[in-house]
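Enquirer: If you read the protein sequences in the order shown, they are chains A and B. Numbered according to numbering that gives the first Met the number 0, the first sequence spans residues 0 to 217. Numbered according to numbering that gives the first Met the number 0, the second sequence spans residues 0 to 91. Backbone N, C-alpha and C define an ideal beta-carbon position, used for all residues, glycine too. The model shown is predicted, which means the values in this text are computed figures rather than measured ones.
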Amino acid sequence: MPHDHHDHDHVHPEGLSPSGHPYRTDNDAPLSYWQRMEIAVRELLVEKGHVTPAEIAAQIDAMDARSPANGAAVVARAWTDPAFKARLLENASEASREMGFDIGPLHLIAVENTQDTHNLIVCTLCSCYPRNLLGLPPDWYKTRAYRSRAVREPRAVLREFGLDLPDHVTVRVHDSTADMRYIVLPARARGTDGMTEAELTALVTRDSMIGTGVPRQP
Amino acid sequence: MAERVRVRTLTPPGHVRAPWYLRGKVGVIERPLGAFANPEQLAYGLPAEEKPLYRVRFTMADVWGEGAEAPNDTLDAELYGHWLERLDAHAA
Chain A
0 MPHDHHDHDH VHPEGLSPSG HPYRTDNDAP LSYWQRMEIA VRELLVEKGH VTPAEIAAQI
60 DAMDARSPAN GAAVVARAWT DPAFKARLLE NASEASREMG FDIGPLHLIA VENTQDTHNL
120 IVCTLCSCYP RNLLGLPPDW YKTRAYRSRA VREPRAVLRE FGLDLPDHVT VRVHDSTADM
180 RYIVLPARAR GTDGMTEAEL TALVTRDSMI GTGVPRQP
Chain B
0 MAERVRVRTL TPPGHVRAPW YLRGKVGVIE RPLGAFANPE QLAYGLPAEE KPLYRVRFTM
60 ADVWGEGAEA PNDTLDAELY GHWLERLDAH AA
């Protein structure tokens, strides 16, 4: 028995569980300075009547409801409607709103992948991401490794994501340093000519809109 | 012809959004983006002036020199006008 050195019943913060697996550390470390600051400011805003807890919860729900599926719908529309694609490349915020997405004050720029151009999005300074369209960024997007290497050796980074680009393809890295956010308009896969907009939507992955991947093949 | 600019090699204290790795580098204006409240004031809750913002395109050779992974690949970043020195105007 893994626990026969104990003859009393209590929580085991270390050692092995009854099923023989190591215990995971509990996720209950003390609050950080900034977490306490956020709670204090939020409670003050509520106490002083500027916002209600219901409004805060609704805003969290609205952000959690955003997902890469929104961006996939925009991309599939651009693949099937040349006039929409032109509007998307001219002003991606307005084109997204036109499709009914509530993106708030997001300033969005769409960059197009072609046979000889591949675009990659990064924010070296922090973790700027088109959250109001695509939802929260993946954890790796916020790491120092991705943020520093994407601008220094994008091709090596892309190879680690499984994308080995030939030399004739130019890589264009976009560092979201200020007020704009970016979405990649990936190239439409071959062999998708007869597919409907809804079928095409299912081919568009989150990573293909960041530039660390390409759409699924049908 | 695209307008050439050099990112100023300033090192002010506080919150700035001109990445260190681009300071002193030469690129071209890819497009103007309009005017945005200056984050260097906004970050401290100060009244913020509107500053013109540009997308500047650098080649990887511009940024990393001989160590570039692929010299003709490009890097675009957003930079405020007060961080840019216009090279063509200075040459005139």
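1. Would histidine 106 of chain A and aspartate 178 of chain A qualify as a contact pair, given that the criterion is a beta-carbon distance under 8 angstroms?
2. Using a Cβ-Cβ cutoff of less than 6 angstroms, which residues in the same chain neighbour proline 31 of chain B once the five nearest sequence positions on both sides are dropped?
3. From which residue to which residue does the alpha helix (DSSP H) around threonine 79 of chain A run?
4. Between proline 185 of chain A and chain B, is the shortest Cβ-Cβ distance under 8 angstroms, so that the two count as touching?
5. Is glycine 210 of chain A helix, strand or coil when you go by DSSP?
6. State the start and end residues of the unbroken beta strand (DSSP E) segment that holds threonine 58 of chain B.
7. Just reading off the beta strand (DSSP E) that valine 165 of chain B is part of, what are its end residues?
8. Are the CB atoms of alanine 186 of chain A and asparagine 112 of chain A nearer to each other than 8 angstroms?
9. Give a yes or no on whether the C-beta atoms belonging to arginine 35 of chain A and leucine 133 of chain A are separated by under 8 angstroms.
10. Consult DSSP for proline 138 of chain A and reduce its assignment to one of helix, strand or coil.
11. Closer than 8 angstroms, CB to CB, is proline 153 of chain B near chain A or not?
12. Just to confirm, are threonine 123 of chain A and proline 18 of chain B a CB contact at a threshold of 8 angstroms?
13. Within 10 angstroms of the Cβ of proline 153 of chain A, are there 16 or more other Cβ atoms? Answer buried if so, exposed if not.
14. Look at the alpha carbon of proline 38 of chain B and the alpha carbon of glutamate 48 of chain B, and state the distance between them as a whole number of angstroms.
15. For aspartate 174 of chain A, decide whether its Cβ has a neighbour in chain B, counting only Cβ atoms nearer than 8 angstroms.
16. Could you name the residues of chain B that methionine 179 of chain A contacts, counting a contact when the two beta carbons are closer than 9 angstroms?
Expert: Concretely, from the data shown:
1. Their beta carbons are under 8 angstroms apart, which means histidine 106 of chain A touches aspartate 178 of chain A by this criterion.
2. Tyr53
3. Per DSSP, the continuous alpha helix (DSSP H) segment holding threonine 79 of chain A begins and ends at 67-79.
4. no
5. Shown here, glycine 210 of chain A sits in coil according to DSSP, grouped into three states, outside any helix or strand.
6. Element bounds for threonine 58 of chain B: 49-58.
7. Limits of chain B in this structure are 0 at one end and 91 at the other, which puts residue 165 of chain B out of reach.
8. In contact: alanine 186 of chain A and asparagine 112 of chain A (Cβ atoms closer than 8 angstroms).
9. no
10. Proline is not the amino acid found at residue 138 of chain A; the sequence shown has aspartate there. In this structure, aspartate 138 of chain A counts as helix in the three-state DSSP scheme.
11. Not covered by the structure: residue 153 of chain B. The range shown for chain B is 0 to 91.
12. Contact: yes.
13. Label assigned to proline 153 of chain A: buried.
14. 9 angstroms
15. Contact of aspartate 174 of chain A with chain B is assigned, a C-beta pair being separated by under 8 angstroms.
16. What methionine 179 of chain A touches in chain B, judged by beta-carbon distance under 9 angstroms, is Leu32, Leu52, Arg54, Glu77, going in chain order.
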